[in-house]
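Notes follow the structure.
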Amino acid sequence: LTEEQVSEYKEAFSLFDKDGDGQITTKELGTVMRSLGQNPSESELQDMINEVDADNNGTIDFPEFLTMMARKMKDTDSEEEIREAFKVFDRDNNGFISAAELRHVMTSIGEKLTDDEVDEMI
Numbered sequence: 003l004t005e006e007q008v009s010e011y012k013e014a015f016s017l018f019d020k021d022g023d024g025q026i027t028t029k030e031l032g033t034v035m036r037s038l039g040q041n042p043s044e045s046e047l048q049d050m051i052n053e054v055d056a057d058n059n060g061t062i063d064f065p066e067f068l069t070m071m072a073r074k075m076k077d078t079d080s081e082e083e084i085r086e087a088f089k090v091f092d093r094d095n096n097g098f099i100s101a102a103e104l105r106h107v108m109t110s111i112g113e114k115l116t117d118d119e120v121d122e123m124i
């Protein structure tokens, strides 16, 4: 992973880690996934955590999160998965993601962005 990727993943990790304790729990993972239109069961969430939980403490710390992300980078998303993710953002189904739609999704996962930050992402 590049330094830039590690930095981006640190930011993503902090979005998941709602209470800032340096650990992602099944509850925190579930909250973020549901805000992205997914509906994983408790056992699915536990399986995701167990997959990378090297110290077997039931949560994911940042090094474990990096391991998970590095694995995911190798498994490139299929076109169908990318289309499904796009649909989460494209709320009016017009084939485009507007600044308002991006802001809505980012706010729903707890990421408060300024207008300038949203414009920069677009």
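For the sequence shown, the numbering used here assigns the number 3 to the initial residue and increments by one for each residue that follows. Don't be surprised by glycine CBs; every beta carbon is placed ideally from N, CA and C. Keep in mind the model is a prediction, meaning the values are calculated, not measured.
Alpha-carbon spacing of residue i relative to residue j, whole angstroms
i: Asn96; j: Glu103; result: 11 angstroms
i: Lys20; j: Gly32; result: 11 angstroms
i: Glu81; j: Thr28; result: 28 angstroms
i: Asp121; j: Gly24; result: 30 angstroms
i: Glu44; j: Asn59; result: 17 angstroms
i: Val34; j: Pro42; result: 11 angstroms
i: Asp117; j: Glu30; result: 26 angstroms
DSSP-derived helix/strand/coil call for residue i
i: Ile111; result: coil
i: Ile62; result: strand
i: Ile84; result: helix
i: Ile51; result: helix
Distance CB(residue i)-CB(residue j) smaller than 9 angstroms
i: Val90; j: Arg73; result: no
i: Ile84; j: Asp92; result: no
i: Leu17; j: Glu119; result: no
i: Met71; j: Gln7; result: yes
i: Leu3; j: Leu68; result: yes
Whole-angstrom C-beta distance between residue j and residue i, which should lie under 8 angstroms
i: Ile124; j: Ala101; result: 5 angstroms
- Is the segment 60-75 close to the segment 6-18, with three or more CB pairs under 8 angstroms? yes
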